[in-house]
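Chemist:
Protein chains in written order, with the numbering used here: chain A, 1 to 275; chain B, 1 to 316.
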């Protein structure tokens, strides 16, 4: 009995070691980044961390860049793009889920527009926005973010709305509810957890977006957070300390949001092909 | 009967509900595409954005195709995609087999492993720039700790293992990017996306009915035989969908490359090249031509993916 237990334990050891190794490979860099942001630039350059933590890097980020403005831009762009995607995307998703509106043709178009590399849209957006005068504004960025946000929102919401049984809606209709009432009082509340997860994922994608932020903002007016970290990397020198602090400011909100929706992340990244 | 009564109302409503989305999608995807097509046929540079655009026919396309840097970037992109996907599939599959069991530790690992795929890609690039630096990078510290010589990860020095290959060594370095800088890009992508591949395989593995495996065990199949003859064939659709998804995502890679190397010509992937033509050289016509070519290539791949998703929906 005791022997068998010991054997089982020994069999688990390699697996346990592997877990540690995987933990080391995938998590240490992130912990190192966050821990490093409280170290001096020299300490990071030499990778010679001391136990003394300092907030100097964060101070420098706040003093030398308008990080607060970028932070606000990030929040405005991500939340507005997500809000509009949800506002017009969810009704479309409902219509497609319930009545198969537009058939497979519409569904394909939406899915493939999500798959498009953003690099191909920087030229038309830059030129169009220059002509109508919204280049270097948050409005331009919000429109650009709709390219991936709206398609994502429609596609994912469709899956969650399909999961709400039609019988419940029928029952509401028999009770005299019209379409609007059925939608707002029955279907959406039932699909709410999935829809909220979709919106949070959309928020994460918008927050992380770099190429549009980088190519459509000429001045600091419309820059979003991901641009900040790069400011400390120039061809002359790299200021590791503030760069790490900026990276920390960008990353920490994402980590919190990601933990909230961790069950839905695979579904979101595969457009519902897997859950 | 009731349904029949509702139908005319629904018919109107159902189009009302999709129209705003279709309108916005037309504005943010189809219209820019037509706009790009128009730009690609004209000479549009920094100086004449706001004035007349002279018609140049297919000259922009010809310039793109005869651009050596473009072909290098194209080859680098194809090679990048091929290598990362192969490694991620093999590594992800192996890890999924190992992790395919229920325990608290495994659940914890699964939670932790989602972090690399949601973290801001630019931050990933900058983080690895710090991890891979020659002096005082964590990776080289570790290599030094193991008693080996630190490697120049972020330079375009040739990798000795490939460079010293008889006969083709020089070719590998000159034309197939057997350089440390390219290796670093590959390593970073593998770091970022192997957990994703693994988690998808894991969820597919868990959907294989227990009876199938038990039946194989009763028939005396060894573990590797089970993997080869039962698990692998059953995971074939998963494998293809992951392959397509990773291809589509790898075609979008920009942030990490740019964070590591800026727009250095000998490290560029296609997206960086597009950005460089458009925003640095301000040759919008030529950039548009390249965008159109990339768009055609990627839409072929996404059509293939869409077909698979569609089949999955039919099977359900």
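Quick reminder that beta carbons are idealized off the backbone N, C-alpha and C, glycines included. As the structure is a prediction and not an experimental result, all values here were calculated from the model.
Verify the CB distance criterion: does residue 166/A have a CB-CB separation below 8 Å to chain B?
Modeler: Not one chain B Cβ lies under 8 Å of residue 166/A.
Chemist: Assign residue 94/A to one of two classes, buried (16 or more other C-beta atoms within 10 Å of its C-beta) or exposed (fewer than that).
Modeler: Under this definition residue 94/A is a buried residue.
Chemist: Shortest alpha-carbon distance to residue 49/B belongs to which of 35/A, 26/A, 130/A and 145/A?
Modeler: Taking only the C-alpha atoms, the option nearest residue 49/B is 130/A.
Chemist: Secondary structure at residue 55/B, three-state DSSP: helix, strand or coil?
Modeler: Looking at residue 55/B - three-state DSSP - the assignment turns out to be strand.
Chemist: Using 8 Å as the threshold, is the C-beta distance between residue 73/B and residue 268/B below it?
Modeler: Yes, Cβ-Cβ distance for residue 73/B and residue 268/B is below 8 Å.
Chemist: Could you tell me whether the Cβ atoms of residue 155/A and residue 114/A are closer together than 8 Å?
Modeler: Yes, the pair counts as a contact, with Cβ atoms nearer than the cut-off.
Chemist: What number of angstroms, rounded off, separates the C-alpha of residue 41/A from the C-alpha of residue 116/B?
Modeler: Rounded to whole angstroms, residue 41/A to residue 116/B spans 24 Å at the Cα level.
Chemist: Helix or strand or just coil, what does DSSP make of residue 57/A?
Modeler: Residue state, collapsed to three classes: helix.
Chemist: For the alpha helix (DSSP H) that contains residue 115/A, what are its first and last residues?
Modeler: Run containing residue 115/A: 103-115, per the alpha helix (DSSP H) assignment.
Chemist: Note down the Cα distance separating residue 99/B from residue 234/B, rounded to an integer number of angstroms.
Modeler: So the alpha carbons of these two residues sit roughly 18 Å apart.
Chemist: May I ask you to list, following chain order, the residues of the stretch 61-72 of chain B that have a beta carbon less than 7 Å from some beta carbon of chain A?
Modeler: Flagged: no residues at all.
Chemist: So, with DSSP's three-state summary, where would you put residue 192/A?
Modeler: Residue state, collapsed to three classes: helix.
Chemist: Counting only beta-carbon separations shorter than 8 Å, does residue 303/B have a partner in chain A?
Modeler: By this cut-off, residue 303/B is an interface position.
Chemist: Should the stretch 31-48 of chain A be regarded as contacting the stretch 239-252 of chain A, the criterion being three or more beta carbon pairs within less than 8 Å?
Modeler: Verdict: yes, contact present.
Chemist: Counting only the same chain and skipping the five closest in sequence on each side, list residues whose C-beta sits under 7 Å from that of residue 161/A.
Modeler: Once the five neighbours on either side are set aside, the close Cβ partners of residue 161/A are 93, 94, 97, 187 and 191.
Chemist: With DSSP as the reference, label residue 179/B as helix, strand or coil.
Modeler: Reduced to three states, the DSSP call for residue 179/B is strand.
Chemist: Can you tell me the Cα-Cα spacing of residue 126/A and residue 173/B, whole angstroms?
Modeler: Their backbone Cα atoms lie some 37 Å apart in a straight line.
Chemist: Could you tell me which chain B residues have their CB closer than 7 Å to the CB of residue 102/A, listed as they occur along the chain?
Modeler: Ordered by position in chain B, the residues that pass the 7 Å Cβ test against residue 102/A are 18.
Chemist: Say whether chain B places a C-beta atom closer than 8 Å to the C-beta of residue 30/A.
Modeler: Chain B, which has a Cβ nearer than 8 Å to the Cβ of residue 30/A, makes this yes.
Chemist: Would you check if the distance between the CB atom of residue 188/B and the CB atom of residue 124/B is smaller than 8 Å?
Modeler: Contact: yes.
Chemist: Could you have a look at residue 158/B and say whether DSSP puts it in helix, strand or coil?
Modeler: Of the three classes helix, strand and coil, the one that applies to residue 158/B here is strand, per DSSP.
Chemist: Quick check on DSSP: helix, strand or coil for residue 238/A?
Modeler: Strand at residue 238/A.
Chemist: For residue 3/A, count the other beta carbons within 10 Å of its own beta carbon; 16 or more makes it buried, fewer makes it exposed. Which is it?
Modeler: When all chains shown are included, residue 3/A counts as exposed.
Chemist: With burial defined as no fewer than 16 other Cβ atoms inside 10 Å of the residue's Cβ, what is the status of residue 207/B: buried or exposed?
Modeler: The residue in question, residue 207/B, is exposed, as its Cβ has fewer than 16 Cβ neighbours within 10 Å.
Chemist: Listed from N- to C-terminal order along the chain, which residues in the stretch 143-159 of chain A have their beta-carbon within a distance smaller than 8 Å of any beta-carbon of chain B?
Modeler: Those would be 143, 144, 146, 147, 150, 151 and 154, in chain order.
Chemist: Cβ of residue 120/A less than 8 Å from any chain B Cβ?
Modeler: Yes, residue 120/A counts as interfacial toward chain B.
Chemist: Got a sec: is the Cβ-Cβ distance from residue 93/B to anything in chain A below 8 Å?
Modeler: Chain A, which has no Cβ nearer than 8 Å to the Cβ of residue 93/B, makes this no.
Chemist: Quick one, which residues of the stretch 128-153 of chain B are near chain A if we go by CB-CB under 7 Å, in chain order?
Modeler: So the list reads 130, 131, 136, 137, 138 and 141, given in the order they occur along the chain.
Chemist: Please tell me whether residue 200/B and residue 198/A are closer than 8 Å, where the distance is taken between their beta carbons.
Modeler: No, Cβ-Cβ distance for residue 200/B and residue 198/A is not below 8 Å.
Chemist: Using beta carbons (cut-off 8 Å, strictly below), is residue 264/B in contact with chain A?
Modeler: Taking Cβ atoms only, chain A never reaches closer than 8 Å to residue 264/B, which makes this a no.
Chemist: Please name the residue, chosen from 278/B, 266/B, 162/B and 112/B, that lies closest to residue 261/A on a Cα-to-Cα basis.
Modeler: Ranking 278/B, 266/B, 162/B and 112/B by Cα distance to residue 261/A puts 112/B first.
Chemist: Under 8 Å, do residue 258/A and residue 114/B count as touching if we go by C-beta distance?
Modeler: It is a contact, given that the beta carbons lie within the stated cut-off.
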